[in-house]
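A.B. asks: A single structure is presented below for examination.
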Amino acid sequence: MAYEKLELLINGKFSAGTSGKSEPVINPATEEVIGHVPHASAADLDEAIAAACDGFKVWKATPAVQRQAIMEATARILEDRKAEMAENLTLEMGKPVGEAAMELDFTISVLRWYAEEGKRAYGRLVPARVPGMRQMVTKEPVGPVAAFVAWNFPGVNVIRKVAGALGAGCSIVIKASEETPGTCVAIARAFQDAGLPDGVLNVVFGVPDEVSRHLLADPRLRKLSFTGSVPIGKHLQRLAADNLMRCTMELGGHSPVIVFDDADVQKAAQMAAGFKYRNAGQVCVSPTRFFVQDSVADEFADAFVDATKKVKVGNGMDDGVAMGPLIGERRLGIMQDFVDDAVASGAELMHGGERMGNQGYFYTPTVLKNVPEDAKIMNEEPFGPVAPIASFESFDEVVARANKLMFGLASYAFTNDGARAAALADQIEAGMLAVNSFVVSTPETPFGGINESGYGAEGGIEGLDAYLRTKFVTEVGV
Ligand code: NAD
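So for the sequence shown, the numbering used here puts the first residue at 1170; every next one is plus one.
Here you go:
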């Protein structure tokens, strides 16, 4: 099948831009070059900013019901193109094609949710202290947006920014990952085909640091939204500070999973292993620190290993494959380093722990037991298919260990004790907590972290609000 034609989208026109530069896009399962993504020149970036400014005026003045209609038309086009887009997503990112299709379903749901919610960007009337005065609080779109997103969810990462911005009435310049550009381009084509006015959505690619420095130096862009790692998030926030741009930061996590002795241990292990290897563990809310209460720790680890052994690893285009490759060669070395360090620190390697084959960036689903607290993997985000399991004795101890890191994205617990669940909800330092499931991401609920995992949720009414600003208007005698 043909991979997506990779182009920039600037002011409603798809093109290769004017730099003459590009870089190869690699299929991580085969290491084959599947396309070349063009780099935007400085002039292209300036044109994209100017287009976003013009597009903003048009889109802001478009009634929310009409914006919703165009976004809904886009959702229908994406539905029609889903099968082809899923294959492209697998080619560029590696996840199994069924998982890619599910990601696109979620992508479409997020688009629809923001489209609808944009109709409800309500303000309020506040009773005045002065007779005859009317006090209004209104919400208006914050302005043209700059967005940068990582490669792990080529559809969802993009739509969370684009639909949030467009739902609120903002325009956007987005740089998706150069490693997975095809899905972003396909989404952009759907928007243009649905009749989105020129300049409302602009897509650029290039050397990430050059593009972000260029865009964030321009005071006409009024908001930054980023999904990626903590160090890059901090760097971009510093750049955005010069123009006091508002920021939304969706950064990394190191999500604890706390399994108490009263839980259904077998079920918890099955569910945990299923979620752990989704997207080969390259998920910001992936479960990454397993704390299991002493008396059930061995039972949990054994069941987890049994489930791990059943995970079929391979090319995501092949039938029955449950886990694809890592995104790039660099991630293989990082995984090996985590595993070797854990074993050297005294952890027991129960399964996996090595690269698979020598073509494609495949790493075995890996389980480590009795992992000491000071092992690197218990402190740094693994972002891969390695599950470190440790045990704990008491509630207070495990909460302190779970809260120890500066991350605070997702957290999970398995217990049938309502009081424990309530105490945990109160005490856990995380933006999200799921008890007896791994459900933390839906279109209509806020998704986001605290502390170094970032701030400013996506999804839910909070997600729309991130693209709105407040205006207070008083009127007398009118
Ligand atoms: P990375 O930090 O180098 O890159 C992450 C993403 O940010 C990439 O898509 C990259 O293109 C982009 N990026 C990098 N520098 C940038 C810059 N100066 N300006 C704009 N964008 C820039 O890391 P990586 O090796 O590609 O991915 C692994 C790490 O990324 C993990 O440790 C994980 O923490 C993080 N990550 C987080 C998420 C998330 O959803 N929070 C998603 C993907 C990756």
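All C-beta atoms in this analysis are idealised placements derived from N, C-alpha and C, irrespective of residue type, glycine included. If you're wondering where the values come from, they're calculated on a predicted model, not measured in any experiment.
1) Could you tell me the boundaries of the alpha helix (DSSP H) in which Q1361 lies?
2) If you compare alpha carbons, which of M1305, E1286, V1508 and G1336 is closest to K1640?
3) Tell whether a beta-carbon distance below 8 Å holds between V1369 and V1227.
4) By how many angstroms is the C-alpha of F1444 removed from the C-alpha of A1460?
5) In this structure, how does DSSP classify I1401 when only helix, strand and coil are distinguished?
6) Between the C-alpha atoms of R1638 and A1476, what's the straight-line distance to the nearest angstrom?
7) What's the C-alpha gap between D1595 and G1422?
8) Entirely within the stretch 1195-1254 and at least 3 residues each: give me those beta strand (DSSP E) ranges in chain order.
9) Going by DSSP in three states, N1605 sits in which element: helix, strand or coil?
10) Output the distance between the C-alpha atoms of I1619 and F1576, rounded to the nearest integer angstrom.
11) Can you grab the Cα-Cα spacing for the pair A1219 / P1313, in whole Å?
12) Sorry if obvious, but does the Cβ on C1353 come closer than 7 Å to a heavy atom of the ligand NAD?
13) Measuring from the CB of T1396, is there a heavy atom of the ligand NAD at a distance below 7 Å?
14) Within this structure, are the beta carbons of Q1451 and L1495 separated by less than 8 Å?
15) For R1298, which of helix, strand or coil comes out of DSSP?
16) May I have a chain-ordered list of the beta strand (DSSP E) segments no shorter than 3 residues that lie completely inside the stretch 1584-1628?
17) Measuring alpha carbon to alpha carbon, tell me which of A1571, F1607, L1574 and S1560 ends up nearest F1583.
18) Suppose the cutoff is 7 Å on Cβ atoms and the five residues either side in sequence are ignored; what does the same chain contact list for G1489 look like?
19) Among G1600, M1492 and T1352, whose alpha-carbon lies nearest the alpha-carbon of K1251?
20) Taking D1344 and V1380 to be in contact with their CB atoms under 8 Å, please state how far apart those CB atoms are, rounded to whole angstroms.
21) Is the beta carbon of A1367 sitting closer than 8 Å to the one on G1181?
22) Are V1342 and A1315 touching if we call contact CB-CB under 8 Å?
23) Could you check the C-alpha separation between A1198 and G1529 for me, to the nearest Å?
24) From the DSSP output, in three-state form, read off Q1666 for me.
25) Kindly confirm or deny that the stretch 1535-1547 and the stretch 1380-1394 touch, where touching means at least three C-beta pairs closer than 8 Å.
26) Inspect the beta-carbon positions of Y1636 and C1222 and report whether they are closer than 8 Å.
27) With a 10 Å radius around its C-beta and 16 neighbouring C-beta atoms as the bar for buried, classify L1294 as buried or exposed.
28) For E1644, I'd like the list of residues in its chain whose CB is within less than 6 Å of its CB, leaving aside the five on either flank, ordered along the chain.
29) Is it true that the CB of T1457 sits closer than 8 Å to the CB of P1554?
30) Measuring only from the beta carbon, is R1499 closer than 7 Å to any heavy atom that is part of the ligand NAD?
31) Quick check on P1425: buried or exposed, where buried means 16 or more other Cβ atoms within 10 Å of its Cβ?
32) Just the C-alpha distance for F1469 and D1463, rounded to the nearest angstrom, thanks.
33) Using 7 Å as the cut-off, classify the Cβ of F1552 as near or not near the heavy atoms of the ligand NAD, replying yes or no.
34) When you measure from the CB of L1405 to every non-hydrogen atom of the ligand NAD, does any distance come out below 7 Å?
35) Could you tell me the alpha carbon to alpha carbon distance between R1570 and F1360, rounded to whole angstroms?
36) With respect to 7 Å, is the separation between the Cβ of N1321 and the closest non-hydrogen atom of the ligand NAD below this value?
C.D. replies: According to the structure data:
1) P1350 to D1362
2) M1305
3) yes
4) In the sequence as presented, Ala is not what sits at residue 1460; that position holds Phe. Whole-angstrom Cα-Cα distance: 16 Å.
5) helix
6) 48 Å
7) 19 Å
8) 1202-1207
9) coil
10) 7 Å
11) 10 Å
12) no
13) yes
14) yes
15) coil
16) 1601-1604
17) F1607
18) K1481
19) T1352
20) Note that residue 1344 corresponds to Lys in the displayed sequence, not to Asp. Going by Cβ atoms, the distance from K1344 to V1380 rounds to 5 Å, so yes, they are a contact pair.
21) Just to set this straight, residue 1367 is Asp in the shown sequence, not Ala. Going by C-beta atoms, D1367 is nearer than 8 Å to G1181.
22) yes
23) 4 Å
24) No information on residue 1666 is available, as it lies outside the stretch 1170 to 1647 that the chain covers here.
25) no
26) no
27) exposed
28) R1303
29) no
30) yes
31) buried
32) 10 Å
33) yes
34) yes
35) 46 Å
36) yes
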